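Shown next, in structure tokens, is the structure this report addresses.
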Amino acid sequence: MKQLAIISILIFSKILTGQNLVINHSFEIHNECPWHIGTFASSVPDWSTPNMGSTDFFSSCAENKNTGIKNYNGYQKPKSGDAYAGIYVYTDKNYREYVQGKLSKRLVKGKKYKMTFYISLADKSSYALKDIQVLITEERLKPCYASNRCEKAIKPSKATKEKFKMYSNSENIYFSNKESWMLYSFEFIADGYENYFSIGNFYRNSKTKKQQVLSTSTLFFSYYYIDNVSIESVEKKEMKPIKEKIEEPEIKVNEVYTFKNVLFDFDKSELLDVSKGELNQLYKHLKENKDLKVKIFGHTDNVGLEARNKELSKQRAKAVVDYLISQGLDVSRIQFIGFGSSKPISDNDTDEGRQLNRRVEFKLTDS
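Throughout, my numbering is defined as the position within the sequence shown, counted from one, plus 45.
Right, here's the structure in full:
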């Protein structure tokens, strides 16, 4: 059998992927489902609030109608996983909320990093803002620290005596999208003291740039959802080109392999563009080995109803089948099955375990 290039390509891609230094980056690990608004600091490990604002934690596991994916300020699906945070960034009397995250290790002086996260303007918000900043600090800020006013806009020079620096989004835009998530990103050179960061609006109302938007609320405020926070090194690495000769492992018949880059949005079955490169490699291998057939298996974690999980796993497996057929694979050479959450390969008690269980697999057969 000819060897399949797909595995060597996946190994190469993994080497290029940076390590996210933000602990619990998408708030999936939590002590309890949000039972009330304002429980972020007590519910989400390795995160805190740098003032006394009552930052919110939202999750699909919530039974309270105010703290689920549909919540007291609107509706938004998580960017990934099942949870996200929510903060007021503009209200009367300069009331502010923030999220404060922790890094797994101190940043290296002189090294280049990129920070990204996703935000979405809540449905009931009256204003969209430009002025959302990231304050990266040496120490963890504490509520009411020194002359920092407890629930007001934080003034960094009053909130810490240690080193800090403020950063803003690389594009000068209003974050006005209520339908979907918007990317916030910037690059910076580390000074070597960075251990913590806080996200929010650090300006008082008089200095905040805002844009009025349509809202059903009679109150005037700006509120954002936050998800998928990341800080990664962007240093260039010397890598061998893929075209060089690589000792490629053989894909064996009747062994099950997991796709590494066949990805889907939350609760969706449409293939993302990033999935197509890996599927094209599989199609090429099947085209060159016409005696082979392939079976596609879809799996989910155990979050939600099992009937929905089984249907979703089936739809995702079928999406892979439909794509391979669209490339020219004969329908008689491919089958698919959706197992739902019935065949986990890890526990479902952690975000990492659930992520491993959400997968699509394939198996080559010769009959």
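Backbone N, C-alpha and C define an ideal beta-carbon position, used for all residues, glycine too.
All values derive from a computational prediction rather than experimental measurement.
Put simply, the backbone Cα of T84 is about 48 angstroms away from that of Y328. Around V153, the same chain offers A235, G237 as residues with beta carbons nearer than 7 angstroms, after the five sequence neighbours per side are excluded.
DSSP, read as helix, strand or coil, puts K355 in helix.
Judged by their CB atoms, N306 and E280 are not nearer to each other than the 7 angstroms cut-off.
Note on S260: 16 or more other CB atoms within 10 angstroms of its CB, so buried under the neighbour-count rule.
By the neighbour-count definition (other C-beta atoms within 10 Å, threshold 16), M160 is a buried residue.
Rounded to whole angstroms, the Cβ separation of A198 and F247 is 6 angstroms, and the two are in contact under 8 angstroms. In terms of Cβ geometry, I244 and V67 do not form a close pair [threshold 7 angstroms]. Two segments are said to touch when three or more pairs of C-beta atoms, one from each, lie closer than 8 angstroms; by this definition the segment 340-359 touches the segment 382-392.
Judged by DSSP secondary structure, E406 falls within the beta strand (DSSP E) whose first and last residues are 404-410.
Assigned with DSSP and collapsed to three states, D137 falls in helix. Rounded to whole angstroms, the gap between the alpha carbons of F266 and K200 is 20 angstroms. DSSP places Q326 inside the alpha helix (DSSP H), whose first and last residues are 321-333. At the C-beta level, S278 and Y158 come within 7 angstroms of one another. Within the DSSP bridge table, the entry for A362 names no partner. A straight-line Cα-Cα distance of about 50 angstroms links E295 and A167. When DSSP states are grouped into helix, strand and coil, E300 belongs to the coil group. Under the three-state reduction of DSSP output, F311 falls in the coil class, being neither helix nor strand. The C-beta separation of F162 from V274 comes to about 4 angstroms, placing the pair in contact by the 8 angstroms criterion. Under the criterion of beta carbons closer than 8 angstroms, I74 and T395 qualify as touching, at roughly 7 angstroms.
A residue is called buried once 16 or more other Cβ atoms fall within 10 Å of its Cβ, and H81, having fewer, is exposed.
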